[in-house]
Amino acid sequence: MMPTFVRWGPPHLVAIALTLLAPLLLSWWCGRNATLTRTRLVGAGFSLMLLGTIVAQFIWLDRGPAPRWQDMMPLHVCDLALFACAIACLGRNQWTFEIAYFWGLAGTVHGLLTPDLLHPFPSPEFWFFFLGHGGIIGSVLFLVAGMRMRPLRGSVYRAYFATIVYGLGAGLFNLIFDTNYGFICAKPSSASLLDLMGPWPWYILSLALAGIISFLILYLPWALADQRRARP
Numbered sequence: 009m010m011p012t013f014v015r016w017g018p019p020h021l022v023a024i025a026l027t028l029l030a031p032l033l034l035s036w037w038c039g040r041n042a043t044l045t046r047t048r049l050v051g052a053g054f055s056l057m058l059l060g061t062i063v064a065q066f067i068w069l070d071r072g073p074a075p076r077w078q079d080m081m082p083l084h085v086c087d088l089a090l091f092a093c094a095i096a097c098l099g100r101n102q103w104t105f106e107i108a109y110f111w112g113l114a115g116t117v118h119g120l121l122t123p124d125l126l127h128p129f130p131s132p133e134f135w136f137f138f139l140g141h142g143g144i145i146g147s148v149l150f151l152v153a154g155m156r157m158r159p160l161r162g163s164v165y166r167a168y169f170a171t172i173v174y175g176l177g178a179g180l181f182n183l184i185f186d187t188n189y190g191f192i193c194a195k196p197s198s199a200s201l202l203d204l205m206g207p208w209p210w211y212i213l214s215l216a217l218a219g220i221i222s223f224l225i226l227y228l229p230w231a232l233a234d235q236r237r238a239r240p
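Number 240 marks the last residue of the sequence shown (our numbering); no jumps.
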């Protein structure tokens, strides 16, 4: 029997630890010198890592039995969050940062903690998964701690509107091409938070409610900080 990925095993824990520590250490390194060059260099590094990971993943998939092109599209939430992170890290774009911040910390983090993954370390699939998902979380942390970006007033509504648009678009694509992007048509095969949200289609409503609550919680520290600064 082929070995399979073990959730919360040593490789999984190391991947989580590196996801958290690497961007914070890089942010500290950039802050020591406080030069724009260092910050831009690290931001470009995150962007290249993310884009390189998704390109390498498609090249690797092409080596095996040919999958349907419909199943190879980068249309999962984490895929789009990855592109948003890459753009924000390169150009400090506020809108893509907001997408990366809310989708990454409210959504991708669950994928990092409860991976829908079969292949163990050191398989290419393991590296693709954690470089992609960990890279999203790591780049968001660097955008906040290293590049000093933050969500602004109205960002919750903009990010949630983008989420609704994504859900409608992914749902239509799933309907036409018999896919399951966004896990809208079925839950992941491995255990996940969706298992606590009821059967299909009710878990989609639960997920929509959990999403807006998560977005509000993620914005709360910034709202409190703004309120504190506004006091005379």
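Ideal placement from N, C-alpha and C gives every residue a C-beta, glycine not left out.
Is the Cβ-Cβ distance between G115 and T61 less than 8 Å?
Cβ atoms of G115 and T61: not closer than 8 Å.
Since F136 and P128 should fall inside the 8 Å C-beta cutoff, what is the C-beta to C-beta distance between them, to a whole number of angstroms?
With a Cβ gap of about 13 Å, F136 and P128 do not count as contacting.
Please say whether L121 and F13 have beta carbons closer to each other than 8 Å?
Their beta carbons are not under 8 Å apart, which means F13 does not touch L121 by this criterion.
With distance defined between alpha-carbon atoms, name the residue in M157, L204, P209, A89 nearest to M174.
At residue 174 the sequence reads Tyr, which differs from the Met that was named. Nearest option by C-alpha distance: A89.
Which same chain residues, not among the five before or five after G179, have their C-beta less than 7 Å away from its C-beta?
Excluding residues within five positions, the ones whose Cβ falls inside 7 Å are I192.
Quick one: using the 10 Å Cβ neighbour count with 16 as the cut-off for buried, is F65 buried or exposed?
Here residue 65 turns out to be Gln, not Phe, going by the sequence shown. Classification of Q65: buried, given that the 10 Å Cβ count is 16 or more.
Where are the alpha helix (DSSP H) runs, 4 residues long or more, that stay fully inside the region 168-240, in chain order?
Counting whole runs of 4 or more residues, the region 168-240 contains the alpha helix (DSSP H) stretches 210-238.
Determine the DSSP secondary structure at D87, reduced to helix, strand or coil.
DSSP places D87 in helix when its eight states are reduced to three.
D234 to I220, Cα distance in whole Å?
Rounded to the nearest angstrom, the two C-alpha atoms are 20 Å apart.
Just the C-alpha distance for I107 and T47, rounded to the nearest angstrom, thanks.
So the two alpha carbons sit approximately 21 Å from each other.
First and last residue of the alpha helix (DSSP H) that includes L121?
It spans 117-121 - the alpha helix (DSSP H) in which L121 sits, taken as one unbroken run.
Considering only C-alpha positions, which residue in the set L149, P11, L139, F110 is nearest to S35?
Comparing Cα positions, the closest option is L149.
Quick check: the Cα distance between C93 and R239, rounded to an integer number of angstroms?
Looking at the two C-alpha atoms, the distance is approximately 33 Å.
On the CB-based measure, 16 or more other CB atoms within 10 Å of its CB, does G51 come out buried or exposed?
Buried, since its Cβ has 16 or more Cβ neighbours within 10 Å.
According to the neighbour-count rule (16 or more other Cβ atoms, all chains shown, within 10 Å of its Cβ), is P18 buried or exposed?
P18 is exposed by the Cβ-count criterion.
Can you tell me whether DSSP reads W68 as helix, strand or coil?
Helix, per DSSP.
So, under 8 Å CB-CB, F147 and F54 are touching, yes? Tell me the CB distance rounded to an integer number of Å.
First, the residue type needs correcting, since residue 147 is Ser and not Phe in the sequence shown. With 8 Å as the limit, S147 and F54 qualify as a contact, their Cβ atoms being about 4 Å apart.
Looking only at its own chain, which residues have a Cβ that is under 6 Å from the Cβ of M157, when we skip the five neighbours before and after it?
Excluding positions up to five away in sequence, the list reads F105, L151.
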